[in-house]
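Working notes for the structure below.
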Amino acid sequence: MNHVAVVGAGLAGVRSVEALRARGFKGRITLIGEETHRPYDRPPLSKAVLQGDLDSTVVDSDFGALDVDLRLGVAAKGLREGTLETTEGELEFDGLIIATGAAPVRLRGEGPQHVLRTIDDALALRELMTDGARVVIAGAGWIGAEVATAARKAGAHVVVVEAARTPLAGALGCEVGAFTTSWYADAGIDLRLGTMVGSVDPGGLTMMDGSWIPADVVVTGIGVRPSVAWLAGSGIELDNGIVVDEHLRTSMPGVVAVGDCASWWSRRFGRRLRVEHWDTALHAPETAVATMLGGTAVYDPVPYFWSEQFDHMLQYAGNHDGARLVMRGDPAAGAKWAACWLTGDDRLTAILTVDLPRDLVQGRRLIEGGQRLDVDRVRDPATPLRDCT
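Encoded structure:
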């Protein structure tokens, strides 16, 4: 193998380049990215950047020492075996790593709406979320909550509209999401649940029931879709992203995929997963590169994610689909608490912690180990999770 191309110059793409060199690959590497900025981290965009603490989140990587041909402002347009079609012409390769990430879903309508995915998005929003500005956020998921937090700290008047019955319903389910509802009122935010947006219009939102919400700034945070449209007709199998096996191989020889765009088979959870979080972009490239270079590495992590909102640190590990909920601590008391999800035979499969980093660390280890737990002890926040086996 003489030439490896990497499509997508986010964290997953950069880590792929680093993994290639760390594993002794001596050939050419070309890294292309659609944005004109040097590769940067995305998690701080909705936190430190939006709140004015940072202006840049550039990834600390020495591209000169890595001997990589970095091509910014270049997008992938199509693919056939051995050849990548880009906006700057065709690029032949022996191996290809796809790390094109995901793109925000937008609402219909002719009015201006902002999303938060890039550094330019974050800096533009920061300028608009000023003291007294009317900011309306569509979506009370992870991004919506973090944007709302930053907007209130800037002194803006904030309305959050959410189609579900609770915040974070899609990510955590309504029972757990409901425990965060009071945080919005405590922060002085007008949270409107069970309300759907009809369209984004000049000056605000028209809701499905015909009501009108005026806004100086509309932020759309209703989710993302994997950036894979450019692969249509390529022969690469697609289904909620790029279908890859447990080694991160695609259906095309010599091509692997990592990060937000990859839907991989998890032995641990017995299902296909696509995880849109930093931890995946950080660690998946090691497996993908090992596979590309002839190894037999398996990617089967306990997915991990964190969010900072309303002066709380939320951390989540695992996958809770089909599991039963066991609460640890009392959210109504305003104290630190955790939500644990257990399988039918009392094994921890996922955990959400609120201001309890110790529980997150111990819980993640229990998920990895697969031990059966004493459910009554799990419910007792005074008992360390590691002692619940």
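Residue numbers for the sequence shown follow this note's numbering, beginning at -2 and rising by one.
Cβ atoms here follow ideal geometry from the backbone N, Cα and C, with glycine treated the same way.
Values in this document were obtained by computation on a predicted structure and should not be read as measured data.
The C-beta of methionine 126 has 16 or more other C-beta atoms within 10 Å across all chains shown, which makes the residue buried. Around the beta-carbon of asparagine 316, 16 or more other beta-carbon atoms lie within 10 Å, marking it buried.
Around threonine 247, the same chain offers Ile95, Ile233, Glu234, Ile239, Val240, Val241, Val253 and Ala254 as residues with beta carbons nearer than 8 Å, after the five sequence neighbours per side are excluded.
Put simply, the backbone Cα of alanine 148 is about 8 Å away from that of histidine 154. Using a Cβ-Cβ distance cut-off of 8 Å, the segment 28 to 35 and the segment 67 to 78 are in contact, since at least three pairs of beta carbons, one from each stretch, lie closer than that value.
The alpha-carbon of serine 208 is positioned some 8 Å away from that of leucine 202. In the same chain as proline 199, and ignoring 5 residues on each side of it, the C-beta atoms closer than 8 Å to its own belong to Glu107, Gly108 and Pro109, in chain order. Ranked by how close their Cα comes to the Cα of alanine 229, the residues Asp118, Gly75 and Arg114 have Gly75 in first place. 8 Å or more divides the Cβ of tryptophan 261 from the Cβ of tyrosine 313.
Going by beta carbons, proline 300 and leucine 270 fall inside the 8 Å limit. For lysine 150, the enclosing alpha helix (DSSP H) stretches over residues 139 to 150.
Within the DSSP bridge table, the entry for glutamate 124 names no partner. Taking the Cβ atoms as the reference, valine 323 lies roughly 5 Å from cysteine 337, within the contact range of under 8 Å. Note on geometry: alpha-carbon atoms of leucine 17 and valine 286 lie some 6 Å from one another. Between arginine 12 and phenylalanine 302, the alpha-carbon positions lie close to 18 Å from each other. Secondary structure of alanine 254 (DSSP, three-state): strand. Taking the Cα of isoleucine 140 as reference, the smallest distance to any Cα among Val157, Glu124, Leu245 and Gly152 is reached at Val157. Cβ-Cβ distances below 6 Å link tyrosine 181 to Leu188 in the same chain, with the five nearest sequence neighbours on each side left out; the list follows chain order. Between proline 381 and glutamine 359, the C-beta gap is smaller than 8 Å, which places the two residues in contact.
The Cβ-Cβ distance between isoleucine 364 and leucine 357 does not fall below 8 Å. Excluding residues up to 5 positions away in sequence, Pro328 lie with their Cβ nearer than 7 Å to the Cβ of phenylalanine 176 in the same chain.
Under the three-state reduction of DSSP output, proline 298 falls in the coil class, being neither helix nor strand. Comparing C-alpha distances from arginine 131 to each of Ile186, Pro101, Pro250 and Ile116 shows the shortest one belongs to Ile186. Note on geometry: alpha-carbon atoms of proline 101 and valine 216 lie some 11 Å from one another.
The criterion of a C-beta distance shorter than 8 Å is not satisfied by glycine 98 and glycine 218.
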